[in-house]
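Engineer: Take a look at this one; I'll ask things after.
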Amino acid sequence: MSGTPNSTSGSSTSSLKSSPDNPVHLDWTVDGMKMALKAGRIVVVADVLRFSSAVTTAVANGFTIYPVADQAAIERRARAIGGNAGGRSGEARFSLSPLCYLNVQLKGNRKIVLWSPNGAACASLVGPRHRAYIGCLLNARALGRHLERLARQRRRGITLIAAGEQQAIDTGERILYDIKTSRRVFAIEDYLGCGAVISNIRLPRSAEARVCELAFRACRSRLRELMLDSFSGRFLQQKGLTADVLWASQMDRYAVIPVILGGRIEAEQITGRRYSGGSTIRRRP
175 MSGTPNSTSG SSTSSLKSSP DNPVHLDWTV DGMKMALKAG RIVVVADVLR FSSAVTTAVA
235 NGFTIYPVAD QAAIERRARA IGGNAGGRSG EARFSLSPLC YLNVQLKGNR KIVLWSPNGA
295 ACASLVGPRH RAYIGCLLNA RALGRHLERL ARQRRRGITL IAAGEQQAID TGERILYDIK
355 TSRRVFAIED YLGCGAVISN IRLPRSAEAR VCELAFRACR SRLRELMLDS FSGRFLQQKG
415 LTADVLWASQ MDRYAVIPVI LGGRIEAEQI TGRRYSGGST IRRRP
């Protein structure tokens with residue numbers, strides 16, 4: 175696999191130029207999400223640890239996810255849709271842990287309301303006129319190829335959003351459920367997730383998107399190590415959630431395309447059929 179700036183997944187991109195007109199862009203956090211939606215671009219939310227990985231796993235296993243930006247709104251939203259309220263990992267039946275959506279014996283209701291300060295906050299901004307998806311390492315290949323087809327058909331650009339993390343200003347610790355004064359920080363796992371998706375899109379990229387792809391290609395053989403040693407990975411290990419990090423480190427486990435529509439996230443229906451958990455590309459990372 176070539177590591178040059180002009181290489182992409184099985185296709186030369188030697189004619190690419192860094193210009194505002196390039197179809198594939200990279201941006202960060204909720205602010206970047208707002209700008210991409212305002213511009214009418216196709217948007218991908220990458221919050222690899224753990225919102226995007228949990229959603230991708232859940233949708234692949236037949237669940238519909240309802241993202242909320244306000245933690246206090248979880249119960250209210252769950253009652254409104256007749257669904258299940260997500261909560262803390264290890265306490266609630268459903269949470270941001272992707273593993274809680276595997277091998278679930280649940281008849282009927284598979285509606286789950288999920289909150290996260292980053293991925294869900296981005297996803298909740300998507301309105302009825304927007305086109306947005308959830309991406310991570312688990313579905314990078316399938317999503318990238320779908321985005322390319324969609325961008326060509328609709329003549330619209332693509333923006334991948336690296337959602338980032340929240341860091342407490344007073345202690346420097348990662349924040350999940352606790353409400354503290356915080357700042358949004360860069361998350362390498364989201365950057366790598368965006369790079370993985372970009373590597374499967376054969377369209378011109380901005381300079382930022384090209385560097386992101388190159389970072390992924392350079393790190394692909396060390397994804398587990400880097401994910402475990404990341405800011406978020408260390409935090410999750412301290413909470414006894416190492417298995418979540420390892421799960422999210424897998425490449426192309428699913429062919430599912432989670433699309434955000436009408437305040438919910440479900441499998442995109444393509445050419446008359448719906449992707450499901452059975453559409454698995456690889457069983458091992």
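Letter by letter, the sequence shown follows residues 175 to 459 in our numbering. Ideal Cβ positions, reconstructed from N, Cα and C, are used throughout, including at glycine.
Given this structure, state the Cα-to-Cα distance separating phenylalanine 390 from leucine 397, to the nearest angstrom.
Structural biologist: Sequence index remark: in the sequence shown, residue 390 carries index 216 (1-based). Sequence index remark: in the sequence shown, residue 397 carries index 223 (1-based). Cα to Cα, phenylalanine 390 sits roughly 9 angstroms from leucine 397.
Engineer: Which of the three DSSP states, helix, strand or coil, is assigned to valine 198?
Structural biologist: For this step, residue 198 is matched to residue 24 along the sequence shown. Strand, per DSSP.
Engineer: How long is the line joining the alpha carbons of arginine 384 and valine 198, rounded to whole angstroms?
Structural biologist: Within the sequence shown, the letter at position 210 stands for residue 384. Within the sequence shown, the letter at position 24 stands for residue 198. When rounded, the distance between both Cα atoms is 9 angstroms.
Engineer: From the DSSP output, in three-state form, read off glutamine 327 for me.
Structural biologist: As a first step, residue 327 must be located in the sequence shown, where it is residue number 153. Residue state, collapsed to three classes: helix.
Engineer: Please report the Cβ distance between serine 363 and serine 404, rounded to the nearest whole angstrom; I am assuming they are in contact, meaning their Cβ atoms lie under 8 angstroms.
Structural biologist: Along the sequence shown, one-based indexing puts residue 363 at 189. Along the sequence shown, one-based indexing puts residue 404 at 230. According to the sequence as given, residue 363 is glutamate; it is not serine. Correct: roughly 5 angstroms between the Cβ atoms.
Engineer: With a CB to CB cut of under 7 angstroms and the five nearest residues on each side skipped, what residues in its chain are close to isoleucine 248?
Structural biologist: Sequence index remark: in the sequence shown, residue 248 carries index 74 (1-based). So the qualifying residues of the chain are Val242, Ala259, Gly260, Val287 and Trp289.
Engineer: Find the nearest neighbour of asparagine 374 within the set Ser423, Ala254, Gly407 and Cys310, judged by alpha-carbon distance.
Structural biologist: If you number the sequence shown from 1, residue 374 lands on position 200. Ranking the options by Cα distance to asparagine 374, first place goes to Cys310.
Engineer: On the DSSP letters alone, give me the boundaries of the beta strand (DSSP E) that valine 217 sits inside.
Structural biologist: Walking along the sequence shown from the start, residue 217 turns up at place 43. Per DSSP, valine 217 belongs to the beta strand (DSSP E) from 216-220.
Engineer: Say yes only if the C-beta of methionine 207 is nearer than 7 angstroms to one or more non-hydrogen atoms of the ligand NAP, and no if none qualify.
Structural biologist: Questions concerning the ligand NAP fall outside what the structure shown contains, since it holds no ligand whatsoever.
Engineer: Name the DSSP beta bridge partners of leucine 340, please?
Structural biologist: Here the question's residue 340 lines up with position 166 in the sequence shown. For the sequence presented, residue 340 should be read as glutamine rather than leucine. Glutamine 340 pairs with Arg358.
Engineer: Just grab the DSSP bridge partners of lysine 285 for me.
Structural biologist: What you label residue 285 is simply residue 111 of the sequence shown in a count that begins at 1. Paired residues: Thr238.
Engineer: Just curious, the beta strand (DSSP E) that alanine 441 is in, first and last residue?
Structural biologist: For the purposes of this step, residue 441 is taken as residue 267 along the sequence shown, with counting starting at 1. Its beta strand (DSSP E) spans residues 438-441.
Engineer: Roughly how many angstroms lie between the CA atoms of arginine 262 and leucine 270, to the nearest whole one?
Structural biologist: As a working mapping, residue 262 is identified with position 88 in the sequence shown. As a working mapping, residue 270 is identified with position 96 in the sequence shown. About 7 angstroms.
Engineer: Spatial neighbours of lysine 228 within its chain, please: C-beta separation below 6 angstroms, excluding the five flanking residues on both sides.
Structural biologist: Residue mapping note: residue 228 aligns to position 54 of the sequence shown, counting from 1. The sequence as given places alanine at residue 228; lysine does not occur at that position. Closer than 6 angstroms at the Cβ level, and outside the excluded window around alanine 228, lie Leu270 and Pro272.
Engineer: Determine the direct distance from the alpha carbon of asparagine 196 to that of leucine 377, and round the result to whole angstroms.
Structural biologist: Within the sequence shown, the letter at position 203 stands for residue 377. Within the sequence shown, the letter at position 22 stands for residue 196. Between leucine 377 and asparagine 196, the C-alpha separation is close to 8 angstroms.
Engineer: Three or more beta-carbon pairs under 8 angstroms between the stretch 275-287 and the stretch 232-239, yes or no?
Structural biologist: At 8 angstroms Cβ cutoff, the stretches touch.
Engineer: Assuming threonine 203 contacts glycine 338 under a Cβ cut-off of 8 angstroms, what Cβ separation, rounded to an integer in Å, is found between them?
Structural biologist: Here the question's residue 203 lines up with position 29 in the sequence shown. Here the question's residue 338 lines up with position 164 in the sequence shown. Confirmed, about 5 angstroms.
Engineer: Taking C-alpha atoms, which residue in Glu265, Asp244, Arg267 and Gly282 lies nearest to glycine 256?
Structural biologist: The residue given as residue 256 occupies position 82 in the sequence shown. If we check each option's Cα against that of glycine 256, Gly282 comes out closest.
Engineer: State the CB to CB distance for the pair leucine 506 and valine 218, rounded to an integer number of angstroms; the pair is presumed to be in contact (CB under 8 angstroms).
Structural biologist: Nothing in the structure corresponds to residue 506, since the chain is present only between 175 and 459.
Engineer: Anyone know if the C-beta pair for glycine 318 and isoleucine 239 falls short of 8 angstroms?
Structural biologist: To locate residue 318, count along the sequence shown from 1; it is residue 144. To locate residue 239, count along the sequence shown from 1; it is residue 65. Against a cut-off of 8 angstroms, the Cβ pair of isoleucine 239 and glycine 318 comes out as no contact.
Engineer: In this structure, does DSSP put proline 302 in helix, strand or coil?
Structural biologist: Sequence index remark: in the sequence shown, residue 302 carries index 128 (1-based). Correct three-state label for proline 302: coil.
Engineer: To which residues does DSSP link valine 433 through a beta bridge?
Structural biologist: Taking the sequence shown and counting its residues from 1, the one referred to as residue 433 is at position 259. DSSP output for valine 433 lists Tyr307 and Glu440 as bridge partner(s).
Engineer: According to the Cβ coordinates, are isoleucine 431 and asparagine 313 closer than 8 angstroms?
Structural biologist: As a position in the sequence shown, residue 431 is number 257, starting the count at 1. As a position in the sequence shown, residue 313 is number 139, starting the count at 1. Yes, these two residues count as a Cβ contact at 8 angstroms.
Engineer: Return the residue from the list Pro291, Asp205 and Gly407 that minimises the CA-CA distance to valine 419.
Structural biologist: To locate residue 419, count along the sequence shown from 1; it is residue 245. Comparing Cα-Cα distances from valine 419 to each of Pro291, Asp205 and Gly407, the minimum goes to Gly407.
Engineer: How is leucine 223 classed by DSSP in three states: helix, strand or coil?
Structural biologist: Residue numbering aside, residue 223 sits at position 49 when the sequence shown is read from its first letter. Leucine 223 falls in the coil class under three-state DSSP.
Engineer: Please work out which residues of its chain come closer than 7 angstroms, Cβ to Cβ, to arginine 215, disregarding the five sequence neighbours upstream and downstream, and give them in chain order.
Structural biologist: Your numbering for residue 215 matches position 41 in the sequence shown. Hits under 7 angstroms: Arg330, Gly331, Ile332 and Thr333.
Engineer: In three-state DSSP terms, what is glycine 264?
Structural biologist: Numbered from 1 along the sequence shown, position 90 holds the residue referred to as residue 264. Glycine 264 falls in the coil class under three-state DSSP.
Engineer: How about leucine 211 and leucine 299: do their beta carbons lie closer than 8 angstroms?
Structural biologist: As a position in the sequence shown, residue 211 is number 37, starting the count at 1. As a position in the sequence shown, residue 299 is number 125, starting the count at 1. Yes, the pair counts as a contact, with Cβ atoms nearer than the cut-off.
Engineer: Candidates Ala213, Asp205 and Asp221: which alpha carbon is nearest glycine 369's?
Structural biologist: Translated into positions along the sequence shown, residue 369 becomes position 195. If we check each option's Cα against that of glycine 369, Asp221 comes out closest.
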